[in-house]
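Numbering (my numbering), first residue to last: 1 to 155.
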């Protein structure tokens, strides 16, 4: 599995920790930035990761900003992206089991590094349960397609 990762300045320290963890887990990672502490705009980095996942170039992504809220908003604008903001282990597990989330979002100013590492481990190791949940995801995809068809949402 290849994971795209991106952050803004508020997520840079946590991103370094997560990159190290992904390497320990023998997961390939593509870093979309940012790489320094200078102030940047989170949509620029959220867009890069989300576009790669939406286009099917990358299977999964991880985004980090101060609270995770901004990155979540950006990511979920992209067709086929199911980004989930997770600040604890239960939502990390459920976002994969029931929602087949393909982007994990973390709040760099909210979640400590040790908890964030456990969230990432849980998220990358939890499979999608399928079955009744597939029907619900298909409904979301249908809504997305209908919005695109009517020009409300463009891909």
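Note that the Cβ used here is the ideal one computed from N, Cα and C, for glycine as well.
The closest CA to that of residue 77, considering only 105, 47, 131, 90, is found on 47. Of the candidates 133, 10, 32, the residue whose Cα lies closest to the Cα of residue 2 is 32. At the C-beta level, residue 81 and residue 102 come within 9 Å of one another.
As summarised for the segment 41-124, the continuous beta strand (DSSP E) elements at least 3 residues long and confined to that stretch are 60-65, 83-85, 103-107, given in chain order.
Per DSSP, residue 130 is not a residue of any beta strand (DSSP E), being assigned neither H nor E. In this structure, DSSP gives residue 151 a state outside helix and strand, which the three-state scheme calls coil. Pairing residue 62 with residue 145 gives a Cβ-Cβ distance that is not under 9 Å. The criterion of a C-beta distance shorter than 9 Å is not satisfied by residue 11 and residue 86. Excluding five sequence positions before and after residue 126, the CB atoms of its chain that fall closer than 7 Å to its own CB belong to 93, 96, 97, given in chain order. Per DSSP, the beta-bridge partners of residue 2 are 28.
Excluding residues up to 5 positions away in sequence, 21 lie with their Cβ nearer than 6 Å to the Cβ of residue 117 in the same chain.
Comparing alpha-carbon positions, the option among 137, 107, 140, 123 lying closest to residue 89 turns out to be 123.
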